[in-house]
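Here the structure comes first, spelled out in structure tokens, and everything after it is commentary.
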Amino acid sequence: MTVPARADVVVIGGGNAAHCAALGARDAGRDVLMIERAPAGEAGGNSRFTAGAMRTVYDGVDDLRSLMPDLSDEEIARSDFGTYSKEAFLDDMGRVTRYRCDPDLVEFLVTRSRETLLWMRSKGIRFQPMWGRQAFEVDGRFRFWGGLSVEVTGGGEGLVAGLSRAALKADIRLVHDARAVELVRKDTTVTGVRVLHGGAFHTIAAGAVVLACGGFEANHEWRARYLGPGWDLARVRGSRFNTGDGIRMALDIGAAPYGHWSGCHAVAWDLNAPEFGDLSVGDGFQKHSYPFSVMINARGERFLDEGADFRNYTYAKYGAEILRQPEQLAWQVFDAKVSGLLRDEYRIRQVTRIRAPTLEDLVERMEDVDGATALATIRAFNAAVRQDIAFDPTVRDGRSTEGLAIPKSNWANTIDEPPFEAYAVTCGVTFTFGGLRIDTTANVLDGDLRPIPGLLAAGELVGGLFYFNYPGGTGLTSGAVFGRLAGQSAASAS
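Using the working numbering, the letters of the sequence shown map in sequence onto residues 1 to 494.
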């Protein structure tokens with residue numbers, strides 16, 4: 001497709017937030033053009049690499065059934081979904097970000113979460129319970145935990161495919177292989193964007209521009225500059241095209257930087273995963289069953305509380321802890337008692353795994369690890385596990401250790417039943433927390449905290465939502481909520 005000379009609304013990006021912005025503007029009758037840097041085969045941004053989890057408020061099974069009407073009576077009867085109230089969502093956002101998150105943005109995110117998912121459903125997106133990732137079977141019923149029950153059918157691939165179909169049906173134009181390089185202004189108002197496409201520069205006039213093109217996680221230099229030394233060594237979980245272009249273009253015209261610029265969402269990622277995400281594997285390189293493990297570094301020592309909280313509330317910060325370890329690696333060690341609880345990602349073909357009949361054999365095979373110290377660490381851990389508290393993976397069970405310098409607060413089981421398994425992990429960056437400052441209309445603000453006319457933003461490049469950590473499933477919900485809002489505001493401005 002050639003680059004048009006004009007559109008009412010131009011959306012920069014091709015993932016979840018960008019599509020929701022485009023659809024939001026199109027709902028208001030505006031002519032919408034999407035500019036996607038990636039070629040068609042790699043389009044979709046980080047959204048395409050996700051598992052598709054979306055955190056949302058729900059008061060009970062009736063609310064979930066409105067999102068997932070295909071739920072059968074039998075499925076409901078054998079499931080304990082619980083509830084996830086507005087207050088619980090707000091509390092999770094505050095607690096995991098150490099109460100630094102922007103209260104106005106968070107209030108908007110939480111209160112619009114369910115409404116936005118229902119709107120997405122009206123566009124053809126289908127949802128299902130997170131049976132395999134967020135529920136364990138207890139006494140014949142699947143019990144969901146951690147405030148997270150909903151995922152997009154087909155994961156990230158299904159999400160992007162569904163949104164793409166909705167955009168095509170709505171006659172939203174899309175240009176691939178087009179890199180936005182500069183915002184065009186008349187006085188203080190954004191009036192368009194310059195784009196590099198087909199070896200030439202093009203200027204597109206617009207009534208409003210929405211930036212929804214990701215953070216700077218795929219930019220090695222910016223990671224080292226803002227996240228700190230060593231972060232250029234981390235792997236990138238998702239798109240290689242998220243290098244901060246949208247943030248840079250906005251800062252160039254005086255937009256206010258905002259949020260935790262030295263922080264990011266980073267997880268335990270397979271040690272031998274490629275430099276950037278692999279769409280054939282998706283999110284399968286992640287290794288998130290560590291609450292049931294003992295995690296050992298190259299010195300043979302434990303270095304964090306594997307059971308501090310549900311995975312949802314620790315996984316996005318533990319990647320940074322792994323990066324700080326010698327050689328930027330760790331091994332997750334499991335025994336046969338919990339092997340049946342491991343997530344599907346532990347069973348993919350592209351996995352760095354060892355198995356052994358004894359702990360002595362296991363530590364000897366753990367490459368780049370002080371085996372003698374590792375064995376002593378595991379034995380000391382085993383001796384410290386409380387045996388008087390029952391193990392329950394669906395609650396913070398309080399089954400802990402006693403007397404260790406680094407405790408394990410929940411789900412502590414002795415590592416003593418063969419066969420034993422260990423999985424090697426490093427740090428995988430998902431997205432960066434620092435970005436642009438917006439208001440509750442998704443308008444980008446300038447350095448004096450005044451809206452920049454004609455410029456909106458959504459998705460990863462919005463700062464102020466996440467600090468230090470992140471509640472699982474909030475990223476896609478945030479992208480959808482603020483994406484739709486940005487499209488509506490762009491329509492009003494154009």
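In this text, a Cβ means the ideal position worked out from N, Cα and C, and glycines have one as well. Since the model is a prediction, treat every value here as computed from it, not as a measurement.
| task | Find out if the Cβ-Cβ distance for the pair residue 156, residue 262 is shorter than 8 Å. | result | As a first step, residue 156 must be located in the sequence shown, where it is residue number 156. As a first step, residue 262 must be located in the sequence shown, where it is residue number 262. No, Cβ-Cβ distance for residue 156 and residue 262 is not below 8 Å.
| query | Taking C-alpha atoms, which residue in 487, 225, 19 and 460 lies nearest to residue 521? | reply | Residue numbering for the chain in the displayed model covers 1 to 494; residue 521 lies beyond these limits and cannot be assessed.
| message | At the level of alpha carbons, what is the spacing between residue 122 and residue 283? | response | Against the sequence shown, residue 122 aligns to sequence position 122. Against the sequence shown, residue 283 aligns to sequence position 283. Taking the straight line joining both Cα atoms gives about 27 Å.
| query | When we look at the beta-carbon of residue 99 and count the other beta-carbons within 10 Å, is it buried (16 or more) or exposed? | reply | As a first step, residue 99 must be located in the sequence shown, where it is residue number 99. Under this definition residue 99 is an exposed residue.
| Alpha-carbon to alpha-carbon, residue 376 and residue 401 | Numbered from its first residue, the sequence shown carries residue 401 at position 401. Numbered from its first residue, the sequence shown carries residue 376 at position 376. Rounded to whole angstroms, residue 401 to residue 376 spans 16 Å at the Cα level.
| request: Determine the extent of the alpha helix (DSSP H) in which residue 249 is found, giving its start and end residues. | output: By one-based count along the sequence shown, residue 249 stands at place 249. From DSSP, the alpha helix (DSSP H) with residue 249 extends over 245–252.
| said: So, at 6 Å on beta carbons, what are the nonlocal neighbours of residue 469 in its own chain, with the 5 sequence-adjacent residues on each side left out? | reply: As a first step, residue 469 is located in the sequence shown; it is residue number 469 there, counting from the start. Taking residue 469 as the centre and dropping the five residues before and after it, the same chain places the C-beta of 96, 316 and 317 closer than 6 Å to its C-beta, in chain order.
| task | Could you tell me the distance, in whole angstroms, from the CA atom of residue 453 to the CA atom of residue 233? | result | For the purposes of this step, residue 453 is taken as the residue at position 453 of the sequence shown. For the purposes of this step, residue 233 is taken as the residue at position 233 of the sequence shown. Distance from the CA atom of residue 453 to the CA atom of residue 233, rounded to whole angstroms, is 38 Å.
| field | 8 Å Cβ cutoff met for residue 49 and residue 215 | value | Taking the sequence shown and counting its residues from 1, one reaches residue 49 at position 49. Taking the sequence shown and counting its residues from 1, one reaches residue 215 at position 215. Contact annotation: residue 49 and residue 215 have beta-carbon atoms that are not nearer than 8 Å.
| Taking the DSSP output, what are the residues bridged to residue 332? | Translated into positions along the sequence shown, residue 332 becomes position 332. Per the DSSP secondary-structure output, residue 332 pairs in a beta bridge with 295 and 423.
| message | Quick check on this structure: which residue in 385, 58, 472 and 179 has the alpha carbon closest to the alpha carbon of residue 34? | response | Here the question's residue 34 lines up with position 34 in the sequence shown. Looking at the Cα atoms, 179 is the closest of the given residues.
| request: Taking residue 454 as part of the beta strand (DSSP E), name the residues at either end of that continuous run. | output: Position 454 of the sequence shown, counting from 1, holds the residue named residue 454. In the DSSP assignment, residue 454 falls within the unbroken beta strand (DSSP E) covering 451–457.
| Of the residues 481, 38, 444 and 293, the one placed nearest residue 195, counting alpha carbons only | In the sequence shown, counting from the first residue as 1, residue 195 sits at position 195. Sorting 481, 38, 444 and 293 by C-alpha distance to the C-alpha of residue 195 places 38 at the top.
| Assigned secondary structure, residue 399 (DSSP; H/G/I helix, E/B strand, else coil) | Taking the first residue of the sequence shown as 1, we reach residue 399 at position 399. Coil.
| The beta strand (DSSP E) enclosing residue 317, as first and last residue numbers | One-based indexing of the sequence shown puts residue 317 at position 317. Residue 317 -> not in any beta strand (DSSP E); alpha helix (DSSP H) instead, spanning 315–323.
| request: Might you give, ordered along the chain, the residues of its own chain that have their beta carbon closer than 6 Å to the beta carbon of residue 104, omitting 5 neighbours on each side? | output: Counted from its first residue, the sequence shown places residue 104 at position 104. The beta carbon of residue 104 sits closer than 6 Å to the beta carbons of 440 from its chain, once the five residues preceding and following it are set aside; these are given in chain order.
| said: Using only the alpha-carbon positions, how far apart do residue 260 and residue 371 sit? | reply: Along the sequence shown, read from residue 1 onward, the residue named residue 260 stands at position 260. Along the sequence shown, read from residue 1 onward, the residue named residue 371 stands at position 371. Computed Cα separation, rounded: 38 Å.
| task | Could you tell me if residue 434 is buried or exposed, where buried requires 16 or more neighbouring beta carbons within 10 angstroms of its beta carbon? | result | As a first step, residue 434 must be located in the sequence shown, where it is residue number 434. Classification of residue 434: buried, given that the 10 Å Cβ count is 16 or more.
| task | Could you check what DSSP says for residue 150 in three-state terms: helix, strand or coil? | result | The sequence position of residue 150 within the sequence shown is 150, counting from 1. Residue state for residue 150 is assigned as strand, using DSSP reduced to three classes.
| field | Own chain residues within Cβ distance below 7 Å of residue 189, not counting five before or after | value | On the sequence shown, position 189 is the one that residue 189 refers to. The beta carbon of residue 189 is closer than 7 Å to those of 453 and 454 in its chain, skipping five residues each way along the sequence.
| Taking one C-beta from the stretch 408–415 and one from the stretch 216–230 each time, how about it: are there three or more such pairs within less than 8 Å? | No contact exists between the stretch 408–415 and the stretch 216–230.
| field | Among 134, 228 and 2, the one whose alpha carbon lies nearest that of residue 200 | value | Within the sequence shown, numbered from 1, the residue matching residue 200 stands at position 200. Residue 200 has its Cα closest to that of 2, out of 134, 228 and 2.
| message | Comparing C-alpha positions only, which one of 419, 382, 367 and 374 sits nearest to residue 357? | response | Here residue 357 corresponds to residue number 357 of the sequence shown, with the count starting at 1. Ranking 419, 382, 367 and 374 by Cα distance to residue 357 puts 419 first.
| said: Between 388, 231, 244 and 267, which has its C-alpha nearest residue 505's C-alpha? | reply: The requested residue 505 does not occur in the structure, where the chain is confined to residues 1 to 494.
| task | Write down every uninterrupted run of the beta strand (DSSP E) in the stretch 201–273 whose length is 3 residues or greater and which is fully enclosed by it, in chain order. | result | Listed in chain order, the complete beta strand (DSSP E) runs (minimum 3 residues) inside the stretch 201–273 are 264–270.
| task | Report all residues from its chain with a CB closer than 6 Å to the CB of residue 170; omit the five preceding and five following residues, and keep chain order. | result | For the purposes of this step, residue 170 is identified with residue 170 of the sequence shown, where counting begins at 1. Cβ within range, chain order: 26.
| query | What are the start and end residues of the alpha helix (DSSP H) that includes residue 363? | reply | Taking the sequence shown and counting its residues from 1, the one referred to as residue 363 is at position 363. Start and end: 359–365.
| query | Roughly how many angstroms lie between the CA atoms of residue 86 and residue 5, to the nearest whole one? | reply | The residue given as residue 86 occupies position 86 in the sequence shown. The residue given as residue 5 occupies position 5 in the sequence shown. When rounded, the distance between both Cα atoms is 44 Å.
| query | Hey, how far is the Cα of residue 242 from the Cα of residue 45? | reply | For the purposes of this step, residue 242 is taken as residue 242 along the sequence shown, with counting starting at 1. For the purposes of this step, residue 45 is taken as residue 45 along the sequence shown, with counting starting at 1. Straight-line measurement puts the Cα of residue 45 at about 7 Å from the Cα of residue 242.
| request: Tell me where the alpha helix (DSSP H) around residue 65 begins and ends. | output: Walking along the sequence shown from the start, residue 65 turns up at place 65. For residue 65, the uninterrupted alpha helix (DSSP H) run begins and ends at 61–67, by DSSP.
| From which residue to which residue does the alpha helix (DSSP H) around residue 137 run? | The residue given as residue 137 occupies position 137 in the sequence shown. DSSP places residue 137 in no alpha helix (DSSP H) but in the uninterrupted beta strand (DSSP E) bounded by 135–138.
| request: Would you decide whether residue 449 is buried or exposed? Buried here means 16 or more other CB atoms lie within 10 Å of its CB. | output: Here residue 449 refers to the residue found at position 449 when the sequence shown is read from its first residue. Exposed: under 16 other Cβ atoms inside 10 Å.
| message | Please list the terminal residues of the continuous beta strand (DSSP E) segment that includes residue 463. | response | Walking along the sequence shown from the start, residue 463 turns up at place 463. No residue range can be given for residue 463, since it is assigned to no beta strand (DSSP E) and is classified by DSSP as neither H nor E.
| Per DSSP, which one or two residues make a beta bridge with residue 194? | Here residue 194 corresponds to residue number 194 of the sequence shown, with the count starting at 1. DSSP lists 182 and 203 as the bridge partner or partners of residue 194.
| Going by DSSP, which residues form a beta bridge with residue 35? | Working through the sequence shown from its first residue, we reach residue 35 at position 35. Residue 35 pairs with 12 and 175.
| message | With a threshold of 8 Å on Cβ separation, who are the neighbours of residue 378 within its own chain once the five nearest residues in sequence on each side are excluded? | response | Translated into the one-based positions of the sequence shown, residue 378 becomes position 378. Closer than 8 Å at Cβ, skipping near neighbours: 294, 296, 333, 359, 363 and 415.
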